[in-house]
Structures are given as C-alpha cells and as structure tokens.
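The next block holds one structure in the form of structure tokens; read it before the comments.
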Amino acid sequence: MLKLKSVMTQFNIKQAQLAKHIDYKGNSISQAVISQLVNHNIWPRSIKHEELEQKIEKALIKLGLSNDYLLNIFEEETDTAEILADDAVPVDSNEKHLTKESAYMLLRKQTINRDARAHFRIPRDPFTDEMTEDADVYLSDDIRYVRAAMRQTAKHGGMLAVIGESGSGKSTLRHDLIDWININHEPITVIEPYVLGLEDNEIKGKSLKSMDISGAIINAIDPQAKPKRSAEARARQMHTLLKNSALSGRKHLMIIEEAHGLSIHTLKHLKRFYELQEGFKKLLSIILIGQTELQTKLSEYNPEVREVVQRCEVVNLKPLDFKVEEYIKHKFSRVDMDYTTLFDSSAFNEIINRLRVATTRRGEKQVRSLCYPLAVNNLVSNALNLAARIGALKVTGEIIVECIKDRGDI
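Under the UniProt record's numbering, think of the first position of the sequence shown as 1, with each following residue one higher.
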C-alpha cells in the first residue's frame, strides 16, 4: 500500500472525504478509485498519473495538511507496514486515539529502569538529565527555525511568541538560547520575571503585573538598585537604567515563560515596554513562551490585544510525527547507541499512531497529534521497560500498543 494511507490514517481522513474533494470533469472522483489507489497502488487509466497526484495533494491541503506531510506519499510502504499493531493485533477501533486523561498520563515522567538498561546494554538513560550541551538538542527543520527566530530576536530585537503544547521543547529552547548567549559572550542582559504560580487572574493564582515586570528589569540591570514604590517613579527608573545600559553597548532581552498565564491587561502593557527606545533604537526585546492558550489570547480577532498582535511574531513548535525515528536516532546517538539495535522499524509508525488524541468540535471528530518530545520520551522508555520484562530483543509496534495498555492509558 502507499504511504498515503498512513498519512490519511494519522489525520483521520476517510477515503470518502478525499474522493469528495477531488474534482474530475465537474464531478467528484469515485471512492472506489481512491480505495484501489490507496490500498493496492492501482491507478485509474482514465486520468493521467501525474494529474491525479496533483489533485490528491491539493485535496489533502484543503483537508488541513501542510506540505510537510505530502513528501513521498505516493511511494510504497515497506514490508514492515504489514506488522503494524492495527494489522497484527486485533484491537478495538476506539483504541486508536488517546483520551484526554491518557494524554495527561503521557506527560508523567517515565525512566528506563535498571533491568531495561542491562537487558539492552544502554549505558545511560538518554531522556533523563540529558541536556548538557548544544549538541544534545535535537533539531528538525521546524525546531531549527524556532531556535533561529529566538536568537535573531535576542540579537537584533523584536517581539516573539513561541507557542507549543506541554512537552514540545519550549523550555529546552529557552535553556539553549541562554546557553548560546553565555558561550558566545553576547552583550545581552536576560530578564526573566518570576512566574512561579503565574495565572491570568488573582483568583487562580499570582498575576504578573507591569510593576512586577519593571522591577524585574531594574533588578536584572542593577541588582543593587532598589525599585521605586510608585508606578510612575519605577517606570522612569527602569527607562533610565535601560538607556544607560544601552549606551554602554548592552542589549536587553525579556523572556516570560508560562506566558499563557498572562492577563490580557498585562499583554496590552507589553506594547509599552517594547516601545521603550532611545532615538530610533529599541531598548528591550521580548520573547513570550507559552502553551496553545497563548495563541488564543494573541488572536488578531481580539480587539483588546490587537496592537500587541501587530508587533508580535508567532512561531509554533509542531509535533515530531514523521521525524520520530530521526529524533530517537539522535537521542540514542548521544549515549553512543545504534537505535536500530533497540527498535524494530514497525515501532515508529505505531508511536505516531498512538500519540493522537481524538476530540469532537461542532459535531465533527478531529484528531490532533501529541507526538512531542516529552510524550515520545515517556512512551519509548515505557516500551523499553516492557520489552526487557518480556525478554524481547527489540521494541516492536506490538510492544508500543501493549505498553500503553499495560499503563492503562487506553
């Protein structure tokens, strides 16, 4: 069968849906044609092969796929596709997606236990305290772009929002940015307001206010200075310190983690901080790091934050999905292990399949991927532990399925 089938399965695209979106001579193409093509690589004679490929790609884009997922979709799957859990292990169709509860369980820390490390001769857990240098950071094209955007903002100015699900690697990229600043001796003062317990209102927890941000800037530039008590005096004090520091050649970068917990009121005030300048020179760059709720707060349709949105570039950390094998290869190479000695090729597609959560929105079933580094780390660790427990030589697709069942995620 074609790789197209795996992509359609991953994004829960039915053959009837795809057929409906492909126009041929004023009508939708037959579902039977799609079935023969997807399952058996049998192409109709009445349509040119290349023309139909283009129509299918356009239809998939209409159905919400990005160009990244269209690569090589018309190639045949390898033989290992036949032993994926959905074919080899009879499972209920409801088991193909994670529930909300099981999605949270995948964020719980899992480690490769001593027995598994001994069984597979793994010298060190590649997923625990593994970030010690720049080379430890896995860089897909998407992650590399986000990292470059963060460095450009730090060095040349701007306002940037980095948005991703829990476990997508946001904190790793923040540590990587600070490490890059320190190693390269960049003349950048990093300002990180205290965000422990940050919430967008006082009922839920601590709300970060403009006075708190001003105080954090003052303390970062001059730890000996005592922030003024009144808002107006503190703002003047902060502005003076920023100007004097800039005249000495320093740049200033404010990083706010858990930025999805910022109130709309504080988000509006960030525009004023960003616009602080001396002549034409901006005095402060801003990077907001938060979960997907931040995307909603920064919506261009929200008139309260429109002025902030117009000045803020937004970048998203995407799921690993078809980069899972490359990611696992990288992680185990950092502990001098050949990943192919640990994983059967069937495991990777099954990791992608299992890290999906099904939701219903406006009466329509939708599937989104949770294939982010933290979830992959936990699932792989659990699979290695289970494989060692049953004496398996490698982690297979079936073991991925069984280890999720074993944890009660499904």
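Glycine included, C-beta positions come from ideal geometry on N, C-alpha and C.
The model shown is predicted, which means the values in this text are computed figures rather than measured ones.
CA-to-CA distance, residue 385 to residue 339, given in whole angstroms: In the sequence shown, counting from the first residue as 1, residue 339 sits at position 339. In the sequence shown, counting from the first residue as 1, residue 385 sits at position 385. Between residue 339 and residue 385, the alpha-carbon positions lie close to 15 Å from each other.
Presumed contact (8 Å Cβ cut-off) between residue 315 and residue 298, rounded CB distance: As a position in the sequence shown, residue 315 is number 315, starting the count at 1. As a position in the sequence shown, residue 298 is number 298, starting the count at 1. 12 Å between Cβ atoms; not a contact.
Helix, strand or coil at residue 327 [DSSP, three-state]: Here the question's residue 327 lines up with position 327 in the sequence shown. Helix, per DSSP.
Inter-residue spacing [alpha-carbon to alpha-carbon] between residue 219 and residue 194: Mapped onto the sequence shown, residue 219 falls at position 219. Mapped onto the sequence shown, residue 194 falls at position 194. If you take the alpha carbons of residue 219 and residue 194, they lie about 12 Å apart.
Nearest-angstrom Cα separation, counted from residue 134 out to residue 119: Here residue 119 refers to the residue found at position 119 of the sequence shown. Here residue 134 refers to the residue found at position 134 of the sequence shown. Residue 119 and residue 134: Cα-Cα distance of roughly 30 Å.
Same chain, Cβ closer than 6 Å to residue 82, neighbours up to 5 away in sequence not counted: Walking along the sequence shown from the start, residue 82 turns up at place 82. Any reading at residue 82 needs caution, since the residue's pLDDT is 34, under 50, leaving its predicted position unreliable; the model's value is listed next. Excluding positions up to five away in sequence, the list is empty.
Other residues of its chain near residue 76: CB distance less than 8 Å, five sequence neighbours each side excluded: Position 76 of the sequence shown, counting from 1, holds the residue named residue 76. Correct list, in chain order: 1, 2, 3, 41.
Cross-strand partners of residue 368 (DSSP beta bridge): Counting from one through the sequence shown, the residue named residue 368 turns up at place 368. For residue 368, which the question treats as bridged, DSSP gives the partners 357.
Alpha-carbon to alpha-carbon, residue 22 and residue 55: Position 55 of the sequence shown, counted from the start, is the residue given in the question as residue 55. Position 22 of the sequence shown, counted from the start, is the residue given in the question as residue 22. Counting only the Cα atoms, residue 22 lies some 6 Å from residue 55.
Option in 152, 48, 289, 60 with minimal Cα separation from residue 9: One-based indexing of the sequence shown puts residue 9 at position 9. Selection 152, 48, 289, 60 evaluated against residue 9 yields 60 as nearest (Cα-Cα).
Element boundaries [beta strand (DSSP E), containing residue 253]: Locating residue 253 in the sequence shown gives position 253, where the first residue counts as 1. 251–256 is the span of the beta strand (DSSP E), which, as asked, contains residue 253.
Residue 39, enclosing alpha helix (DSSP H) - first and last residue: One-based indexing of the sequence shown puts residue 39 at position 39. Note, residue 39: alpha helix (DSSP H), 31–40.
Outcome for residue 344 when other beta-carbon atoms lying within 10 angstroms are tallied against a minimum of 16: In the sequence shown, the residue the question calls residue 344 occupies position 344. Per the 10 Å Cβ criterion, buried.
Candidates 334, 336, 352, 311, of which the one nearest residue 324 by Cα: Walking along the sequence shown from the start, residue 324 turns up at place 324. Of the candidates 334, 336, 352, 311, 352 places its Cα closest to the Cα of residue 324.
Between the CA atoms of residue 48 and residue 86 - distance to the nearest angstrom: The residue given as residue 86 occupies position 86 in the sequence shown. The residue given as residue 48 occupies position 48 in the sequence shown. Below a pLDDT of 50, predicted positions are generally treated as unreliable, and residue 86, at 34, falls in that range; the measurement from the model is reported next regardless. If I take the Cα positions, the gap works out to 33 Å.
Rounded separation between residue 336 and residue 379 - CA only: To locate residue 336, count along the sequence shown from 1; it is residue 336. To locate residue 379, count along the sequence shown from 1; it is residue 379. Those two C-alpha atoms are separated by around 21 Å.
Sequence ranges, beta strand (DSSP E) only - wholly within the region 282–329, length at least 3: Runs of the beta strand (DSSP E) lying entirely within the region 282–329 and spanning at least 3 residues, in chain order: 285–290, 312–316.
Distance, residue 173 Cα to residue 112 Cα: Taking the sequence shown and counting its residues from 1, one reaches residue 112 at position 112. Taking the sequence shown and counting its residues from 1, one reaches residue 173 at position 173. Approximately 24 Å, taken between the alpha carbons.
Exposed unless 16 or more other CB atoms sit within 10 angstroms - verdict on residue 275: Looking up residue 275 in the sequence shown gives position 275. Exposed, because fewer than 16 other Cβ atoms sit within 10 Å of the Cβ of residue 275.
Reduced DSSP secondary structure (H/G/I, E/B, other) of residue 210: The residue labelled residue 210 in the question sits at position 210 within the sequence shown. Helix, per DSSP.
Residue 301 burial status per 10 Å Cβ neighbour count (16 or more: buried): Within the sequence shown, residue 301 is the residue found at index 301, counting from 1. The residue is exposed, with fewer than 16 neighbouring Cβ atoms inside 10 Å.
DSSP state of residue 1 mapped onto helix, strand, coil: The residue you call residue 1 lines up with position 1 of the sequence shown. Looking at residue 1 - three-state DSSP - the assignment turns out to be coil, as it is neither helix nor strand.
Beta strand (DSSP E) segment containing residue 159, residue limits: Mapped onto the sequence shown, residue 159 falls at position 159. Segment 159–163, the beta strand (DSSP E) holding residue 159.
Beta-bridge pairing of residue 189 - partner residues as DSSP gives them: As a working mapping, residue 189 is identified with position 189 in the sequence shown. Paired residues: 252.
Residues near residue 44 in its chain [Cβ-Cβ closer than 6 Å; skip 5 each side]: Numbered from 1 along the sequence shown, position 44 holds the residue referred to as residue 44. So the qualifying residues of the chain are 33.
Sheet register partners of residue 395 (DSSP bridge): By 1-based counting over the sequence shown, the position of residue 395 is 395. In the DSSP output, where bridge partners are listed per residue, residue 395 has 343.
Cβ-based burial, residue 310 [other Cβ within 10 Å; buried from 16]: Working through the sequence shown from its first residue, we reach residue 310 at position 310. Residue 310 should be labelled exposed.
Euclidean distance between Cα positions of residue 268 and residue 287: Numbered from 1 along the sequence shown, position 268 holds the residue referred to as residue 268. Numbered from 1 along the sequence shown, position 287 holds the residue referred to as residue 287. Take the alpha-carbon of residue 268 and the one of residue 287: they are about 15 Å apart.
Unbroken alpha helix (DSSP H) run spanning residue 232, endpoints: Here residue 232 corresponds to residue number 232 of the sequence shown, with the count starting at 1. Its alpha helix (DSSP H) spans residues 231–247.
6 Å CB neighbourhood of residue 332 in its chain, flanking five on each side removed: Here residue 332 refers to the residue found at position 332 of the sequence shown. 126, 339, listed in sequence order.
Outcome for residue 249 when other beta-carbon atoms lying within 10 angstroms are tallied against a minimum of 16: Position 249 of the sequence shown, counted from the start, is the residue given in the question as residue 249. Answer is exposed; the Cβ neighbour count stays below 16.
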